[in-house]
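Worksheet for the structure shown next.
Residue numbers (my numbering): 838 to 954.
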């Protein structure tokens, strides 16, 4: 009579333990990568370099640099648009680098799984 339940051949528990070890190792690597990302800076420009924005890996603005010629009291809207464009580009760079680094760690496992990255 066949035994019900359990794992056939008794091989699964060992594989599951190995899988758990790999998952824990990957989690440590991801935590290290997240800490490393926080120390990085990303700089983007807009308006041909008239506006320069630097953010850190936590997506916090660290520095905004404006060229004198872009500061026109009669056209504040253009300056605002350039700042927004530079900030968004710096964020895109940070997201791209983070996704690339995490993809290398996970080997693409997290692709399509909401909330992972």
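Quick reminder that beta carbons are idealized off the backbone N, C-alpha and C, glycines included.
Less than 7 Å between the C-beta atoms of residue i and residue j, yes or no?
i: residue 919; j: residue 884; result: yes
i: residue 882; j: residue 923; result: yes
Assuming residue i contacts residue j (C-beta within less than 8 Å), just tell me the rounded distance between them.
i: residue 936; j: residue 870; result: Not really, about 11 Å apart at Cβ, beyond 8 Å.
i: residue 875; j: residue 895; result: 5 Å
i: residue 867; j: residue 942; result: 6 Å
Assign residue i to buried or exposed, taking buried as 16 or more other Cβ atoms, counted over all protein chains shown, within 10 Å of its Cβ.
i: residue 953; result: In this prediction, residue 953 scores a pLDDT of 49, lower than 50, which makes its location untrustworthy; no coordinate-derived value is stated.
i: residue 931; result: buried
* Could you tell me whether the region 886-895 touches the region 914-934, using the rule of 3 or more Cβ pairs below 8 Å? => yes
At 3 residues or longer, what runs of the beta strand (DSSP E) sit wholly inside the region 853-921? The DSSP assignment places complete beta strand (DSSP E) segments of no fewer than 3 residues inside the region 853-921 at 878-883, 888-893 and 898-903, in order along the chain.
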